[in-house]
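In UniProt numbering, the protein residues as written are 1 to 211.
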Amino acid sequence: EGPYGTESTELGDESGRHLYHCEVYNNVFTGEEILGFTQNSLLPESAWILDAGSVIWVWLGKFESKNVKKCIQEASTFLYTHPAGRDRNTAIVIIRQGLEPPTFIGLFENWNHNHLRDYRSFESTRLTLQGQEAVVNQQTKDSSEFDAYVKYPLRILKMEAEHLPSGIDVFRKELHLTYDDFISIFKMNPVEFEKLPAWRRQRLKQQSGLF
């Protein structure tokens with residue numbers, strides 16, 4: 001028995017079409033059959049073998065690269081070791097995502113040519129989410145820093161340094177404002193303020209009497 005079990009083959013599509021997801025893990029190849037497959041089954045991160053009886057198709061997704069050579073080799077192995085005793089002259093056709101011929105498309109119901117047009121790879125999505133998480137974490141950190149400072153009314157923070165309550169950071173008086181006062185004075189939140197160039201922050205503090 002080869003890498004494709006006889007049990008799943010017998011339970012496959014009654015039309016004689018069988019779709020296998022190609023995967024190589026620790027240099028061991030496996031072909032998992034997808035029962036009741038549709039166009040949605042073809043994920044661009046993978047390589048797939050579609051046994052259509054008279055033709056064996058190897059479909060290579062846009063983001064698949066590492067398993068291509070192995071999958072092509074296994075298409076031949078699949079043909080030679082098939083339990084039904086397949087004709088070794090059966091054609092093996094390699095196609096890439098977006099370049100499917102009509103004969104391949106005809107194996108699926110309601111094929112949509114735009115189905116994967118805006119598809120983003122798992123890796124791209126993961127990196128995007130990591131970037132968003134980093135931004136949120138930084139904003140949380142900046143907000144926590146602002147909240148850690150004791151708050152005073154603006155009139156007190158405008159006093160000369162020698163008259164200020166002890167514990168006020170005279171170089172960062174703006175952090176002692178309440179959140180509402182901060183928004184009212186600078187027209188932005190503390191996180192946005194910290195992103196400004198130093199000269200711009202200094203000018204805004206001078207204009208508000210906090211420098």
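Cβ coordinates follow ideal geometry from the N, Cα and C atoms, glycine included. Nothing here was measured: the structure is a model prediction, and the numbers come from that model.
How do the segment 201 to 210 and the segment 171 to 189 stand: do at least 3 beta-carbon pairs fall below 8 Å, yes or no? Contact holds between the segment 201 to 210 and the segment 171 to 189, because three or more Cβ pairs, one in each stretch, are under 8 Å apart.
Note down the Cα distance separating Asp180 from Ile156, rounded to an integer number of angstroms. Working through the sequence shown from its first residue, we reach residue 180 at position 180. Working through the sequence shown from its first residue, we reach residue 156 at position 156. Those two C-alpha atoms are separated by around 16 Å.
Is the CB-CB distance between Leu50 and Arg88 below 8 Å? Here residue 50 refers to the residue found at position 50 when the sequence shown is read from its first residue. Here residue 88 refers to the residue found at position 88 when the sequence shown is read from its first residue. Taking 8 Å as the Cβ cut-off, Leu50 and Arg88 do not qualify as a contacting pair.
DSSP three-state label for Ile92, please. Counted from its first residue, the sequence shown places residue 92 at position 92. Here Ile92 sits in strand by DSSP.
Assuming Val58 contacts Ala47 under a Cβ cut-off of 8 Å, what Cβ separation, rounded to an integer in Å, is found between them? Stepping through the sequence shown from its first residue, residue 58 is reached at position 58. Stepping through the sequence shown from its first residue, residue 47 is reached at position 47. About 7 Å separates the beta carbons of Val58 and Ala47, which is inside the 8 Å limit, making them a contact pair.
Taking the Cβ atom as the reference point for each residue, do Leu177 and Leu196 lie within a distance shorter than 8 Å? Counting from 1 along the sequence shown, the entry for residue 177 is found at position 177. Counting from 1 along the sequence shown, the entry for residue 196 is found at position 196. No, these two residues do not count as a Cβ contact at 8 Å.
Ala156, DSSP secondary structure in three states: Counting from one through the sequence shown, the residue named residue 156 turns up at place 156. Correcting the residue identity first, residue 156 is Ile in this sequence and not Ala. Ile156: helix per DSSP, three-state reduction.
Where Thr125 falls, given that 16 or more other Cβ within 10 Å makes a residue buried: Reading the sequence shown from its first residue, position 125 is the one you call residue 125. Reliability fails at Thr125, whose pLDDT of 48 lies under 50, so the model's placement of it is uncertain and the value that follows must be treated cautiously. Exposed.
Taking its Cβ as the centre, do 16 or more other Cβ atoms sit within 10 Å of Phe37, making it buried, or is it exposed? Within the sequence shown, residue 37 is the residue found at index 37, counting from 1. Taking every protein chain shown into account, the CB of Phe37 has 16 or more other CB atoms within 10 angstroms, so this residue is buried.
Just curious, the beta strand (DSSP E) that Asp51 is in, first and last residue? As a working mapping, residue 51 is identified with position 51 in the sequence shown. In the DSSP assignment, Asp51 falls within the unbroken beta strand (DSSP E) covering Ala47 to Asp51.
Which of helix, strand or coil does DSSP assign to Thr178? For the purposes of this step, residue 178 is taken as the residue at position 178 of the sequence shown. Coil at Thr178, not helix or strand.
Spatial neighbours of Phe108 within its chain, please: CB distance less than 6 Å, with the 5 preceding and 5 following residues excluded, ordered by chain position. Mapped onto the sequence shown, residue 108 falls at position 108. Once the five neighbours on either side are set aside, the close Cβ partners of Phe108 are Gln39.
Where does Trp111 sit, in a helix, a strand or coil, going by DSSP? Start at 1 with the first residue of the sequence shown, and residue 111 comes out as number 111. In this structure, Trp111 counts as coil in the three-state DSSP scheme.
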